[in-house]
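Sequences listed follow chains W and A, in order.
If you use our numbering, the first sequence corresponds to residues 1209 to 1637, in order.
If you use our numbering, the second sequence corresponds to residues 1209 to 1637, in order.
Ideal placement from N, C-alpha and C gives every residue a C-beta, glycine not left out.
2 protein chains.
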Amino acid sequence: MPYSGLAGKLLGSAGAELGDVVEVRTGDEKRSGILMPHHDFSNPQIVTLKLPNGYNIGVRIAEGSVVKVVSRKEDKPRGRQTLPADPAKKDVAVISTGGTIASYVDYRTGAVHPAISAEELVFSVPELTDLCNVRAKVLYSILSENMKVAHWQGLAREIAKELNAGAVGVIVPHGTDTMGFTSAALSFMLKNLTGPVVCVGSQRSSDRPSSDAIMNLLAATRLCVETDFAEVVVLMHGETSDSHCLAHRGTKVRKMHSSRRDAFKSINVDPVARIEGPEITFLSSYNRRSKGSVELMDKMDGSASMLHFYPGFVAEHFDLIAQNVKGIVIAGTGLGHVSEEIVGSIKRAVSKGVHVYITTQCLHGMVNLNVYSTGRDMIAAGAVPLGDMLPETAYVKLMWSMGQTDDPSEVRKLMLTNIAGEFSARRVV
Amino acid sequence: MPYSGLAGKLLGSAGAELGDVVEVRTGDEKRSGILMPHHDFSNPQIVTLKLPNGYNIGVRIAEGSVVKVVSRKEDKPRGRQTLPADPAKKDVAVISTGGTIASYVDYRTGAVHPAISAEELVFSVPELTDLCNVRAKVLYSILSENMKVAHWQGLAREIAKELNAGAVGVIVPHGTDTMGFTSAALSFMLKNLTGPVVCVGSQRSSDRPSSDAIMNLLAATRLCVETDFAEVVVLMHGETSDSHCLAHRGTKVRKMHSSRRDAFKSINVDPVARIEGPEITFLSSYNRRSKGSVELMDKMDGSASMLHFYPGFVAEHFDLIAQNVKGIVIAGTGLGHVSEEIVGSIKRAVSKGVHVYITTQCLHGMVNLNVYSTGRDMIAAGAVPLGDMLPETAYVKLMWSMGQTDDPSEVRKLMLTNIAGEFSARRVV
Chain W
1209 MPYSGLAGKL LGSAGAELGD VVEVRTGDEK RSGILMPHHD FSNPQIVTLK
1259 LPNGYNIGVR IAEGSVVKVV SRKEDKPRGR QTLPADPAKK DVAVISTGGT
1309 IASYVDYRTG AVHPAISAEE LVFSVPELTD LCNVRAKVLY SILSENMKVA
1359 HWQGLAREIA KELNAGAVGV IVPHGTDTMG FTSAALSFML KNLTGPVVCV
1409 GSQRSSDRPS SDAIMNLLAA TRLCVETDFA EVVVLMHGET SDSHCLAHRG
1459 TKVRKMHSSR RDAFKSINVD PVARIEGPEI TFLSSYNRRS KGSVELMDKM
1509 DGSASMLHFY PGFVAEHFDL IAQNVKGIVI AGTGLGHVSE EIVGSIKRAV
1559 SKGVHVYITT QCLHGMVNLN VYSTGRDMIA AGAVPLGDML PETAYVKLMW
1609 SMGQTDDPSE VRKLMLTNIA GEFSARRVV
Chain A
1209 MPYSGLAGKL LGSAGAELGD VVEVRTGDEK RSGILMPHHD FSNPQIVTLK
1259 LPNGYNIGVR IAEGSVVKVV SRKEDKPRGR QTLPADPAKK DVAVISTGGT
1309 IASYVDYRTG AVHPAISAEE LVFSVPELTD LCNVRAKVLY SILSENMKVA
1359 HWQGLAREIA KELNAGAVGV IVPHGTDTMG FTSAALSFML KNLTGPVVCV
1409 GSQRSSDRPS SDAIMNLLAA TRLCVETDFA EVVVLMHGET SDSHCLAHRG
1459 TKVRKMHSSR RDAFKSINVD PVARIEGPEI TFLSSYNRRS KGSVELMDKM
1509 DGSASMLHFY PGFVAEHFDL IAQNVKGIVI AGTGLGHVSE EIVGSIKRAV
1559 SKGVHVYITT QCLHGMVNLN VYSTGRDMIA AGAVPLGDML PETAYVKLMW
1609 SMGQTDDPSE VRKLMLTNIA GEFSARRVV
């Protein structure tokens, strides 16, 4: 029994275990529901119950509270080994990395912590096990703003392992802040995918009534179990209400709102799929499941920077960064422009062997360095335009390309090759 | 006659002057239209004619071409002094800074150059003079990626001068790349506005048939002449077709597409006004014309940087920049987050007196540093969150605030005061 303090005492006396339906009575107030996991930082006087409507609530208990077990949970999952395996169902791996989707609210401070285990996550959404056998694992438990290249690599290795061990798909619960970066990294690192890799987050923590976690997880599971789809995607709500989810190609997706449930948007392309209840509609062409094994190409060279140009950008600052990295992705203005001073910086950097690639901070649309004199000067200085590739995706791809080869012309060739849909197939205007 | 070479010779022999309707015949081909200005870089064998439908075309001439004058232009504007002044009409100042709206295509290379004069610009849109007396001036002739703080200051001074000399509004033709930065800077620098300041650009150069310049200029003129509106706005197409224009508040607008005519979007708020032909509909509350004089607050301290956080952002790079500036605006992920390493950098920077302000790279939505432990650590380190202010606006405002006062607490007070609509009045979710 992970509960401590007064809650632990009362629950223990009642013989209540996680998953049991319990009733908590304090004075005239009476609430009952499934007993949910307790978290280290939670107030020891709060018991978390899952109500019949699916929402979790925190019930405050006091010295006089009475706890009784209403009914026992028959199959209490107790970690990876004990999740029920039904030979008639397909296996889906859940590799949790942290973030809101795998977090809980600290009732002392109201703040959100990443701590829940993958087992707890799956356990809190029992509908998942109706659809598949869940192989859950907590790989990391971090807020996504702390993700690094090494985390992407470890995650890619784990995903390849699960798919090659027979999972029909992998769900990656992930913090939303940098989920678009991770999905881009996985898109380049995993080749010959035999099933989908679905990065899924939530904008409301999973023990809050308004959480979008459950619907997103269920839609991700359906995509894994019920389709022939095999790409890396980000899957989130399609609008603020719970009407449907959208799966966005991993290289073309960006978090475009700080808090809305439909914060993630496909940029310059349509989303890949729409998932509405049990109905999955593909909105664009996609890669089907490959035969054979997933190939892991997880080498990355982290010596890169992404710089957004703006009026007043000091050339000396650019030069300082350029002296410390092997590659730079610039998010220029409009069609990809920088000031004439920064054109000089680009020239100096390129002459020292630094890769310089150009994207647009407009995010939507293509770069084009052939329209204005500035752009042509940038090309003459050695900058390479990247079409409609997102700045974030270009930054990730540059590190990946530099990890694949030391030959600058091979890096350039990789950067300009459409590897995982990072260039739109058609021109979008 | 500014035409040279063969074109100059043939036009000269025919006695043709700018504004005359001329006919150019080469073999069986015959085109006629108003003779438009020639540009230094243009092919000397191309004559630019404005057709009756309003479009400009380049007509290639050859040794055997015949040029004749069909009719004389009655009132040929020849620079600022000669634009017709009608005492029954209001005065509108046009202060041109350059960019596509005031540029032309070099027919040798197909590239666009900023060179046309304000007089030429106005002359090419004769409908302007039906609506008002135009006081045109070329202040700069630069591509907007080369705009600096000093340009914003010079522009603000010129605008204040024109408004205080009786202009009912000022139109600022401007390159679109950094027009959102300029509109933010003008929003803070101009107080007690007696009329609108309308930054207007185009995504297709004004001598191209598909140019959006004319419609944007006409809508800007109407906003100046026909309303009691008095704020700084960016005015561009509202959609890719020519159906209507939108005026966006100068502090809440961002270029969100590299090439579409409706590239500019109001972020986190509605546009201020919709202009459809002669009909102007206000979509939000706005400041009306002030009495008295426009007050100029054009001091700025350019010692600031804007840094976008991303996974792999090297703390030492942050520290290098922080050692060289007085203020930093961070575009964090999600609710405004950075990695724990960068929290350390923020702490070091703040302890040395550097201002650190937080916005979100999601662009849409608010920052909130109270939800996650990272955010609370950032606040403890001395970072100050800026609600739903755009990163670009925050960067401009920080330079302006540091220009107003040397007192750090006064800078902070200014940053957190809603001066020009940079904070949304209501929370937008």
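Just to confirm, is the Cβ distance from residue 1356 of chain A to residue 1520 of chain W under 8 Å?
Going by C-beta atoms, residue 1356 of chain A is nearer than 8 Å to residue 1520 of chain W.
Alpha helix (DSSP H) segment containing residue 1369 of chain A, residue limits
In the DSSP annotation of this structure, the continuous segment of the alpha helix (DSSP H) that includes residue 1369 of chain A starts and ends at 1357–1372.
Would you tell me roughly how many angstroms separate the C-alpha atoms of residue 1159 of chain A and residue 1278 of chain A, rounded to the nearest one?
Since the displayed chain A opens at 1209 and closes at 1637, residue 1159 of chain A lies outside it and no answer follows.
Kindly indicate which residue of W:1455, W:1533, W:1588, W:1617 has the alpha-carbon position closest to the one of residue 1493 of chain W.
It is W:1455.
I need the boundaries of the beta strand (DSSP E) containing residue 1299 of chain A, first residue and last residue.
Residues 1299–1304.
Could you list which residues in chain A have their beta carbon closer than 9 Å to that of residue 1573 of chain W, in chain order?
Under the 9 Å cutoff, chain A gives 1464, 1465, 1466, 1467, 1468, 1471.
Contact criterion: CB-CB distance below 8 Å. Does residue 1385 of chain A meet it with respect to chain W?
With 8 Å as the cut-off, residue 1385 of chain A counts as an interface residue toward chain W.
Residue ranges of each alpha helix (DSSP H) run of no fewer than 4 residues wholly in the stretch 1463–1532 of chain A, ordered along the chain?
The stretch 1463–1532 of chain A contains, as complete alpha helix (DSSP H) runs of 4+ residues, the segments 1523–1530 (chain order).
Under 7 Å by beta carbon: chain W residues contacting residue 1353 of chain A:
Ordered by position in chain W, the residues that pass the 7 Å Cβ test against residue 1353 of chain A are 1541, 1545, 1546, 1547, 1582.
Do you know offhand how far residue 1297 of chain W's Cα is from residue 1371 of chain W's?
For the pair residue 1297 of chain W and residue 1371 of chain W, the Cα-to-Cα distance works out to about 16 Å.
Between which two residues does the alpha helix (DSSP H) holding residue 1335 of chain W run?
Taken as a continuous stretch (DSSP letters only), the alpha helix (DSSP H) holding residue 1335 of chain W covers 1335–1339.
So residue 1402 of chain W and residue 1502 of chain W are in contact, right, with Cβ under 8 Å, and what is the actual spacing, rounded?
That belief holds up - the Cβ atoms of residue 1402 of chain W and residue 1502 of chain W are roughly 6 Å apart, short of 8 Å.
Identify whether residue 1399 of chain W lies in helix, strand or coil by the three-state DSSP scheme.
Residue state, collapsed to three classes: strand.
Give the range of the alpha helix (DSSP H) segment to which residue 1559 of chain W is assigned.
Segment 1548–1559, the alpha helix (DSSP H) holding residue 1559 of chain W.
Should residue 1259 of chain A be labelled buried (16 or more other beta-carbon atoms within 10 Å of its own) or exposed?
Its Cβ having fewer than 16 others within 10 Å, residue 1259 of chain A is exposed.
With a threshold of 8 Å, are at least 3 pairs of Cβ atoms found where one atom belongs to the stretch 1358–1376 of chain W and the other to the stretch 1581–1596 of chain A?
Here the stretch 1358–1376 of chain W makes no contact with the stretch 1581–1596 of chain A; the two share fewer than three CB pairs at distances below 8 Å.
Measure from the alpha carbon of residue 1310 of chain A to the alpha carbon of each residue in A:1412, A:1513, A:1368, A:1358, then state which is nearest.
Nearest C-alpha to residue 1310 of chain A: A:1412.
Can you find a CB in chain W that lies within less than 8 Å of the CB of residue 1381 of chain A?
Contact with chain W is absent for residue 1381 of chain A, since none of that chain's Cβ atoms lies less than 8 Å from the residue's Cβ.
By how many angstroms is the C-alpha of residue 1575 of chain W removed from the C-alpha of residue 1219 of chain A?
Straight-line Cα distance between these residues: approximately 40 Å.
Backbone secondary structure at residue 1330 of chain W - three-state DSSP
The three-state reading of DSSP puts residue 1330 of chain W in helix, counting H, G and I together.
Determine, using beta carbons only, whether residue 1227 of chain A comes closer than 8 Å to chain W.
Closer than 8 Å to the CB of residue 1227 of chain A there is not a single CB belonging to chain W.
Give the straight-line distance between the Cα atoms of residue 1444 of chain A and residue 1410 of chain A, rounded to the nearest whole angstrom.
Roughly 7 Å between the two C-alpha positions.
What does residue 1357 of chain A touch in chain W if you count any residue whose Cβ is under 9 Å from its own?
Per Cβ cutoff of 9 Å: 1519, 1520.
Backbone CA spacing between residue 1570 of chain W and residue 1293 of chain W [nearest angstrom]
Roughly 48 Å between the two C-alpha positions.
Taking the alpha carbon of residue 1496 of chain W as the point to measure from, which residue in W:1243, W:1353, W:1376 has its own alpha carbon closest?
Closest by alpha carbon: W:1376.
Using a Cβ-Cβ cutoff of less than 7 Å, which residues in the same chain neighbour residue 1506 of chain A once the five nearest sequence positions on both sides are dropped?
These residues qualify, in order along the chain: 1361, 1364, 1365, 1397.
Is the beta carbon of residue 1353 of chain A less than 8 Å from the beta carbon of residue 1541 of chain W?
Contact flag set, yes.
Between residue 1289 of chain W and chain A, is there a C-beta pair that is closer than 8 Å?
Confidence is the limiting factor: at residue 1289 of chain W the pLDDT is only 39, short of 50, which leaves the residue's position unreliable, though a coordinate-based value still follows. Put simply, the CB of residue 1289 of chain W is far from chain A, with every gap to its CB atoms at 8 Å or more.
If you measure from the beta carbon of residue 1341 of chain W to each beta carbon in chain A, is any gap under 8 Å?
Interface flag for residue 1341 of chain W against chain A is unset, since no Cβ pair is found closer than 8 Å.
Give a yes or no on whether the minimum CB-CB distance between residue 1510 of chain W and chain A is below 8 Å.
By this cut-off, residue 1510 of chain W is an interface position.
According to DSSP, which residues form a beta bridge with residue 1384 of chain A?
Its beta-bridge partners do not exist; DSSP assigns none.
With C-beta atoms as the reference, is residue 1580 of chain W less than 8 Å away from residue 1514 of chain W?
One thing to note: residue 1580 of chain W has its Cβ no nearer than 8 Å to the Cβ of residue 1514 of chain W.
Please work out which residues of its chain come closer than 8 Å, Cβ to Cβ, to residue 1253 of chain W, disregarding the five sequence neighbours upstream and downstream, and give them in chain order.
Here the set comprises 1213, 1214, 1215, 1268, 1269, 1270.
Alpha helix (DSSP H) runs wholly inside the stretch 1573–1624 of chain W, at least 4 long, in chain order:
The stretch 1573–1624 of chain W contains these whole alpha helix (DSSP H) runs: 1581–1589, 1599–1612, 1616–1624.
Grab me the residues of residue 1274 of chain A's own chain with a C-beta within less than 7 Å of its C-beta, minus the 5 sequence neighbours each way, in chain order.
Beyond the five residues adjoining it in sequence on each side, residue 1274 of chain A comes within less than 7 Å, by CB distance, of 1233 in the same chain, given in chain order.
Closer than 7 Å, Cβ to any Cβ of chain A: which residues of the stretch 1598–1629 of chain W, in chain order?
Along the stretch 1598–1629 of chain W, going in chain order, the ones with a CB nearer than 7 Å to a CB of chain A are 1600, 1603.
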